[in-house]
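Numbering (mature numbering (1 follows the signal peptide of the UniProt record, and there is no 0)), first residue to last: -24 to -1, 1 to 533. Cβ atoms here follow ideal geometry from the backbone N, Cα and C, with glycine treated the same way. Since the structure comes first, as structure tokens, the remarks are kept for the end.
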């Protein structure tokens, strides 16, 4: 008998024998992209905004591991429906494995093949990220895996349970009354007299059935579709032990192991990369009654549905209270953060209107349904510099966090390199374009000489060098770019007008009449006052803020 979705193997086993070396195992990722929606969009459930899980700046699929156990399949597909249709994640995969070995599942979750030498990098993305029903035996110790800080044991999915071999009471009573054989005690199966009665391989009906359908048990150790333990081989030097025949539709679970509790285990970084998904894992637990209802539902409905996905959908529709219990709070729209750098403290806090304008712009965009309708913008109002020099390191770091930075005053042309600063934006043009304005202005006013006075440290005044070259090409004279040292006292408003005298005197001696200034407003106040003094002389004057003195009765425009 052959089947693409399950195995039917006939195994002759002896209870003291180990598992076969070529045990049937496989791992596959099902195509979930073709699954039909469980809920009508916008009718039965509100349609969420699309979401993507980003890890290290890259989009990744959420991979959920499941086994062939019906309960595990049902719970996993219920989880898939809620993640995709209620939370809005589209890139979700279900990985199915035939193995129930907890260690192999933990290896996929952590990326650690050997706990003694596990050196997985922090940027590593595991093969699977969630297992909702990982069965572990009472003696299995998960603590060494937890110490890797790669996974989190979220807790039990359901009440305690275990795997085992079971015999119905009716069969046990029948064998006791007819053959004086005890079937409901494990010691009976160590008796050759007992196991010989359960050897079904000699029956014509069983052999004939196998010969018609072919064999699925084809790994090393199988003969004619049957695996025999070496201890059960009748040709083994005449010492072969009569063994019972075990017929199973799930050979991976034929072991002498008792499993205790189905645990929910998740990748540690899930709570940071997809917190709502991690919250759903935490909330998804079943009581004894609910889990029993799930088992009963599977038993009664499995013939009516073509797939576990359909069955899981039907179960959610029939158990709305359980769906509400599992549901997590979902924001109307995922947030998009924009970093805003504003000087909102100190003496430079003179541009409060800029912050207000930014808030108004964010509010306007969030209100419009035709702009970023699936997202909500939120501006991070960081206190910081408005100048280009100090903004450069902030902008450089922002690209590693996929965080846009906007500026209303950084003029440096360096930020125009989109390959280096892809997330930087500004509301003013770069200062490189100033030179074109200056050239047109000089030509319009028929001015042929130009000088510049800039504060030292303004390394982004490099456009003046380009202006110098352009003026030479047009036969114009760029006299000089005179620089004065940066006075840290300007941050306290203590620039003194006499500090500027030597720089203005130098420009005056060069007969510079048209001067481009590159400095802040505190320096500008001192420069203008000193220029007025040198032109008008130091007559009787009135003192103005910044150390400027002008003749009484005159106003400074």
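Item to check | Three-state secondary structure assigned by DSSP to residue 342 | outcome: helix
Checklist entry - In the DSSP assignment, what are the bridge partners of residue 429? => result 458 and 493
Next on the checklist: With three or more beta-carbon pairs closer than 8 Å as the criterion, would you say the segment 291 to 306 touches the segment 257 to 268?
Outcome noted: yes
Next on the checklist: Using the Cβ count rule (16 or more neighbours within 10 Å means buried), how would you classify residue 493?
Outcome noted: exposed
Next on the checklist: Considering only their Cβ atoms, is the gap separating residue 354 from residue 314 smaller than 9 Å?
Outcome noted: yes
Item to check | Where the beta strand (DSSP E) through residue 132 begins and ends | outcome: 127 to 132
Checklist entry - Between residue 330 and the rest of its own chain, which residues show a CB-CB distance below 7 Å, the 5 nearest in sequence each way excluded? => result 318 and 384
Checklist entry - Using the rule of at least 16 other Cβ atoms within 10 Å of the residue's Cβ for burial, across every protein chain shown, is residue 107 buried or exposed? => result buried
Checklist entry - Considering only C-alpha positions, which residue in the set 11, 477 and 78 is nearest to residue 117? => result 78
Next on the checklist: If contact is defined by three or more beta carbon pairs under 8 Å, each pair taking one atom from either stretch, is the segment 99 to 114 in contact with the segment 38 to 50?
Outcome noted: yes
Checklist entry - Around the C-beta of residue 24, are 16 or more other C-beta atoms found within 10 angstroms, so that it is buried, or is it exposed? => result buried
Checklist entry - Roughly how many angstroms lie between the CA atoms of residue 288 and residue 238, to the nearest whole one? => result 18 Å
Item to check | Collapsed DSSP secondary structure at residue 111 in the structure displayed | outcome: strand
Item to check | Distance, residue 53 Cα to residue 242 Cα | outcome: 16 Å
Next on the checklist: Using the three-state DSSP reduction, which class does residue 162 fall into: helix, strand or coil?
Outcome noted: helix
Item to check | At least three beta-carbon pairs within less than 8 Å, the segment 410 to 427 to the segment 450 to 460 | outcome: yes
Checklist entry - Based on Cα-Cα distance, which residue from 447, 27 and 11 lies nearest to residue 252? => result 27
Checklist entry - For residue 57, is the classification buried or exposed, using 16 other Cβ atoms within 10 angstroms of its Cβ as the cut-off for buried? => result buried
Checklist entry - Do residue 404 and residue 387 have their CB atoms nearer than 9 Å? => result yes
Next on the checklist: Between which residues of its own chain and residue 99 is the CB-CB distance below 7 Å, once the five residues before and five after are set aside?
Outcome noted: 32
Checklist entry - Taking buried to mean at least 16 other C-beta atoms within 10 Å of its own C-beta, is residue 196 buried or exposed? => result exposed
Item to check | residue 259 - containing alpha helix (DSSP H), residue span | outcome: 251 to 259
Next on the checklist: Please report the distance separating the alpha-carbon of residue 345 from that of residue 381.
Outcome noted: 24 Å
Item to check | Neighbour-count burial assignment, residue 495, 16 or more Cβ in a 10 Å radius | outcome: buried
Next on the checklist: Once DSSP output is grouped into helix, strand and coil, what is the label at residue 401?
Outcome noted: strand
Item to check | Beta-carbon proximity list for residue 552, same chain, < 8 Å, skipping 5 on both sides | outcome: Because the chain here runs from -24 to 533, residue 552 falls outside it and cannot be looked at.
Next on the checklist: Out of 105, 279, 83 and 74, which one is the CA nearest neighbour of residue 130?
Outcome noted: 105
Checklist entry - Comparing alpha-carbon positions, which option in 244, 132 and 73 lies nearest residue 101? => result 244
Next on the checklist: Can you look up residue 243 in the DSSP assignment and give me helix, strand or coil?
Outcome noted: strand
Checklist entry - Between residue 350 and residue 74, what straight-line distance do the alpha-carbon atoms span, to the nearest angstrom? => result 39 Å
Next on the checklist: To the nearest angstrom, how far is the alpha carbon of residue 563 from that of residue 411?
Outcome noted: Nothing in the structure corresponds to residue 563, since the chain is present only between -24 and 533.
Checklist entry - What residues are listed by DSSP as bridge partners for residue 285? => result Paired residues: none, contrary to the question.
Checklist entry - Between residue 417 and residue 458, which are expected to be in contact by the criterion C-beta below 8 Å, what is the C-beta distance as a whole number of angstroms? => result Actually they are not in contact, since the Cβ atoms of residue 417 and residue 458 sit about 20 Å apart, beyond 8 Å.
Checklist entry - In this structure, does DSSP put residue 96 in helix, strand or coil? => result coil
Item to check | Bridge partners - residue 355, DSSP secondary structure assignment | outcome: 314
Checklist entry - Should residue 19 go down as buried or exposed, given a rule of 16 or more other Cβ atoms within 10 Å for buried? => result exposed
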